[in-house]
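Since the structure comes first, as structure tokens, the remarks are kept for the end.
Protein chains in written order, with the working numbering: chain A, 1 to 117; chain B, 118 to 231.
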């Protein structure tokens with residue numbers, strides 16, 4: 001089955017700890033994204049990548065870091081610099097067609113729920 | 118980057134047609150418009166995409182006027198299972214400084230009642 005796998009589904013962190021959320025896709029998509037969603041709110045873009053070894057900051061990149069060493073993987077690290085990391089994190093991927101990422105359809109994973117204790 | 122504005126919430130009854138409008142006043146010439154549906158604790162799911170005029174698929178229609186400053190998602194004969202949050206999303210044109218930057222707005226919470 002093709003799709004996006006996020007892990008872990010639930011994660012608890014102590015203040016001051018870095019945590020890494022995994023996102024793997026087997027859809028052969030070039031573009032990948034990380035979003036954060038707080039209760040009752042829309043999705044906010046953290047980082048995005050349109051090609052391997054390249055990524056750009058979204059609207060709320062502070063306190064987060066990513067890497068894109070492989071096409072199928074786009075891990076997100078929530079660092080201790082992120083002051084309020086408790087949230088639902090969603091990873092997505094899409095084709096890049098004719099230079100446009102996201103044309104047609106974004107495919108989302110099931111999400112990772114991070115709670116800071 | 119085109120900012121989107123939608124009503125925060127809407128109510129409807131089963132069997133009715135629902136129209137949700139999104140404003141995107143500063144949409145660029147070659148930007149696309151897409152709509153997504155999200156259920157609680159799940160990732161959004163693609164519904165439909167369009168550039169101009171009307172697009173229809175098996176679940177919805179998308180109406181885009183000539184000036185493209187707004188778009189309307191039309192859901193025919195909604196059921197209780199259509200209760201969800203609906204987002205419109207402007208997909209930037211290739212070659213722009215915002216290419217690939219996909220920004221979701223706050224979305225519209227649709228509540229379908231029996």
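C-beta: ideal position from N, C-alpha, C; glycine also.
In the three-state scheme derived from DSSP, where H, G and I count as helix and E and B as strand, residue 11 (chain A) is classed as strand. Cβ contact annotation for residue 185 (chain B) (same chain, cutoff 7 Å, sequence separation greater than five): 144, 169, in chain order. Check the Cα spacing between residue 207 (chain B) and each of B:139, B:128, B:127, B:192: the tightest is with B:139. Around residue 223 (chain B), the beta-carbon contacts reaching into chain A at under 8 Å are 41, 42. With 16 or more neighbouring CB atoms inside 10 Å of its own CB, residue 148 (chain B) falls in the buried class. Residues of chain A whose Cβ lies closer than 9 Å to the Cβ of residue 158 (chain B) are, in chain order, 88, 110, 111, 113. Between the stretch 77-92 of chain A and the stretch 14-33 of chain A, the count of C-beta pairs closer than 8 Å reaches three or more; the two stretches touch.
Straight through space, the alpha carbons of residue 40 (chain A) and residue 157 (chain B) are spaced by roughly 10 Å. By the rule that beta-carbons nearer than 8 Å mark a contact, residue 117 (chain A) does not touch chain B.
Judged by DSSP in its simplified three-state form, residue 106 (chain A) adopts coil rather than helix or strand.
Between residue 106 (chain A) and residue 179 (chain B), the C-beta gap is not smaller than 8 Å, which leaves the two residues out of contact.
Around the beta carbon of residue 97 (chain A), fewer than 16 other beta carbons lie within 10 angstroms, which makes this residue exposed. In this chain, the beta strand (DSSP E) harbouring residue 113 (chain A) covers 112-116. The C-beta separation of residue 137 (chain B) from residue 189 (chain B) comes to about 7 Å, placing the pair in contact by the 8 Å criterion. Around the beta carbon of residue 117 (chain A), a 10 Å sphere encloses fewer than 16 other beta carbons of the protein chains shown; the residue is thus reported as exposed.
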